[in-house]
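Numbering-wise, this note's numbering puts 314 at position 242 of the sequence shown, and it's gapless, one number per residue. Notes to accompany the following structure.
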Amino acid sequence: MGKFFRFRPPSGYNLGDSPSRPFAFGCCAQGDMPSAPAPSGREPAFVLFSAEETGGAPSKLCLGGRWRTRCRDLSAHSAARGFCVSTLLPPQPVFGFRTVARWNGPHPTKAGLSPFRHPSKLEMSAFLRSSLEPVPVRSLYLNSRWTVWTRMIAASAGLLALHVLSVRLPGYAPVLVGDAILVAMPVLAIFLLCGRLGDIRPHLRFNAWCFSVGLGLWALGMVLFSISDITGRAEPLSDTLAVLCNFLYIVPVLLAVTLTIDEAGFSIFTVLDILQAALLAFLAYTHAFDASFSFHSIQNIPVQRLVHCYDFENFGLALIATLRAAAFPRTSRERRFFLLFSTWLWFYAVCAAIYNYFELRSLASSGVHDLLADLPWLVLCGMLATVQPREDDQVIDSPSFRGRTAIFLENSIAILFCLVMLGLGASLMARHLPWLSLAAMALALLLYGLRATIQQVRYASAQQELAAARDHLETLSLEDSLTRVANRRRFDQVLEESFAHSRRTGSPLSLLMLDIDHFKLLNDSYGHRVGDACLVRIAAALEAALNRAGDLPARYGGEEFAIILPDTSGLGAQRVAARIRSAVRALDIRYEEEQPRCVTVSIGIATCTLPGVIRPAHLIEAADQALYQAKQNGRDRVEVAPLPCVEATSLRA
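The structure is reproduced here in structure tokens:
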């Protein structure tokens, strides 16, 4: 793979906003670069990869010589940020470097190298000697990702080839080699899965850890089985613990394909799911072995029942993982995550079923069928090593954006657990102590009841919070943010409702349009802060002057207010207007320094006595005309729109 160097920019290099940021540099040429010449007299190529943090396709800049590379891993890997520089020879491409710095600026060209021409060997040598400093490979962790995965796949294939060659060995050698391989492959898969945690979404990493624990239990079971094969005699304790480990690996794997952990971390539902899975495994083990963890020889257990339990367990896990994957969008990383597990679970279930069939029918004479046990692990290692997140994968940052199918599956899994536990508990009633069955069924119902109760409490709390938030938003949408009186939207709604009420009852409806006199002069003299304070005080005075709860003051626009007075005649509206004028003058808001004057208001009144004929727009137009008349007649006064004017307005419309 060659050596790796840290790139330090020479003087005069413009690296954007931070010239001190290091570059990552990789070299594939043999020998001590940069002084060693390239093999066959060919000059190595220097390629700059630049990628955004989002994992987009990197841009390539050739700085010298011929080059050839692949960029799929670099662009798809979630850790591919900034850029990295690699020296590549055409026969030996390297791709998928992990970068150690971030750089988003344009590539500098002030060092004498141009991206549009091939520099000479002298220029390139001088450039490298002034810019590179050798560092150990491990300290930068810049090994080629593809090389690592290739070695992992080669190791898996080598284990399979070793198993094939060991079939013809005499004595117990094939069995021992097969057991060793079946222990090595899950361990290899665990290492691969742990190495892929950086590509897994944070809310799914606990699922990956659970899957790793399940694989570890399976490998531990195979180690315990190997003890009997090595000693050549049955060990009741070892055999029972081995079967128990192989049987209980369902618990973490089941949690891996069913648990949903959001950004807030673990919740009470996670704990309940873990308890349910553990109880389900306990009941399944007790049902299969006719005893609750007693160390009797497993040879006394009916093999047919054990095989059926294994098959039910394997196919059930595969089906649940498939449904979980199908619940996510087609292009989401969550779907690819569960598809990987479901694919392996289906391979494992089918291969285990075929293997058990050969064992039950005593058709396994040559030992070739033992290779079926290796196939699922080869598939799992191959997928973990080669499957990469794609650029177009949709990232679901929060489980709150799941679809209805995902929500249904996540809630129905708890019911399925409870039903299966009740069924197993009932089946144990005839073959075991009744108290064990009753205790198991009671615990299953208790866990599910506790989960349902917590869900109902949270649902009720969420409904209350949503109702309060809705009311608050509705209030904000119908209230003026400055004066805290009704806004134009609320005014229009109440006016329509008041007209409908007047039509039903035949009662009069009055409308006051109010405008602050010389408000522009107040703003120009003292600024908008004083003007806003004036609006707030006048709005408070309007509310104080209205005695009835049904009267509505609203900010109509700018310094203009409107007041709806239901069930109010024209005479009553004039009394209210006079009270408002007095209340505003009592505020004593002055707006001139040389000749102090108090802020006053002009009011126009319109009263509707024909609700079946006049529309709300007609009433607003009449009140606005009256307000205009008050302004023309000298301000600080009240004008009433005459009834003929209102009727004429309605007729013209």
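Just so you know, even glycine gets a beta-carbon here, dropped at the ideal spot from N, CA and C. Fair warning: this is a prediction, and the values are worked out from it, not measured in the lab.
Where does residue i land, buried or exposed, given buried means 16+ other C-beta within 10 angstroms?
i, result
"V577", "Note that residue 577 corresponds to Thr in the displayed sequence, not to Val. Result: exposed."
"Y531", "exposed"
"E385", "buried"
"V529", "exposed"
"A713", "buried"
"W290", "buried"
"V451", "buried"
"T525", "exposed"
"R273", "buried"
"L554", "exposed"
"V259", "exposed"
"V343", "exposed"
"F283", "buried"
"A390", "buried"
Quick one: what's got a C-beta closer than 8 Å to residue i's C-beta in the same chain, skipping five residues either side?
i, result
"A655", "A613, L614, A616 and A617"
"D696", "M585 and G676"
"R562", "L550, E551, L624 and A626"
"L269", "R277 and A280"
"N54", "Lying before the first or after the last residue shown, residue 54 is absent from the chain, which here runs from 73 to 725."
"Y628", "R560, F563, M585 and A634"
Enumerate in chain order the residues of its own chain whose CB-to-CB distance from residue i is below 6 Å, with the five nearest sequence positions on each side excluded.
i, result
"I485", "T330"
"A512", "L355 and G497"
"F297", "A314"
"A702", "S674, G676, R709 and E711"
"C317", "L289, L292 and G293"
If we ignore side chains and look at the alpha-carbon of each, how far apart do residue i and residue j end up?
i, j, result
"A399", "A421", "22 Å"
"T681", "A658", "33 Å"
"G706", "A572", "36 Å"
"L581", "S597", "39 Å"
"L488", "I340", "19 Å"
"L326", "G230", "30 Å"
"A621", "L548", "20 Å"
"F591", "P401", "58 Å"
"S574", "Q704", "32 Å"
"A605", "L583", "25 Å"
"R726", "L248", "Any answer about residue 726 is impossible in this case: the structure gives the chain only from 73 up to 725."
"S499", "F430", "29 Å"
"L519", "D543", "36 Å"
"L320", "R277", "21 Å"
"W418", "L517", "31 Å"
"C490", "A252", "38 Å"
"E663", "T679", "The question names Glu, yet the displayed sequence has Tyr at residue 663. C-alpha separation (whole angstroms): 33 Å."
"P246", "I302", "12 Å"
"Q348", "R560", "57 Å"
"T332", "L351", "19 Å"
"D383", "Q527", "33 Å"
"A353", "M493", "9 Å"
"L545", "A689", "28 Å"
"C266", "C453", "12 Å"
"L594", "L567", "31 Å"
With DSSP run on the structure shown, which of helix, strand or coil describes residue i?
i, result
"T681", "coil"
"P625", "strand"
"A713", "coil"
"F633", "strand"
"S582", "strand"
"P274", "helix"
"P401", "coil"
"S597", "helix"
"G706", "coil"
"D589", "coil"
"V557", "coil"
"E662", "One point to set straight first is that residue 662 is Arg, not Glu, in the sequence displayed. Strand at R662."
"I686", "coil"
"V671", "coil"
Assuming residue i and residue j form a contact by the criterion Cβ under 8 Å, report the distance between their Cβ atoms to the nearest whole angstrom.
i, j, result
"V255", "M294", "5 Å"
"L699", "D587", "6 Å"
"D589", "V671", "7 Å"
"W449", "A261", "6 Å"
"A645", "P625", "The pair is not a contact, with the Cβ atoms about 13 Å apart (cut-off 8 Å)."
"H235", "L443", "6 Å"
"I661", "R609", "7 Å"
"G286", "A328", "7 Å"
For residue i and chain D, any beta-carbon pair shorter than 8 Å?
i, result
"A226", "No chain D appears in the structure shown, which is made up of a single protein chain."
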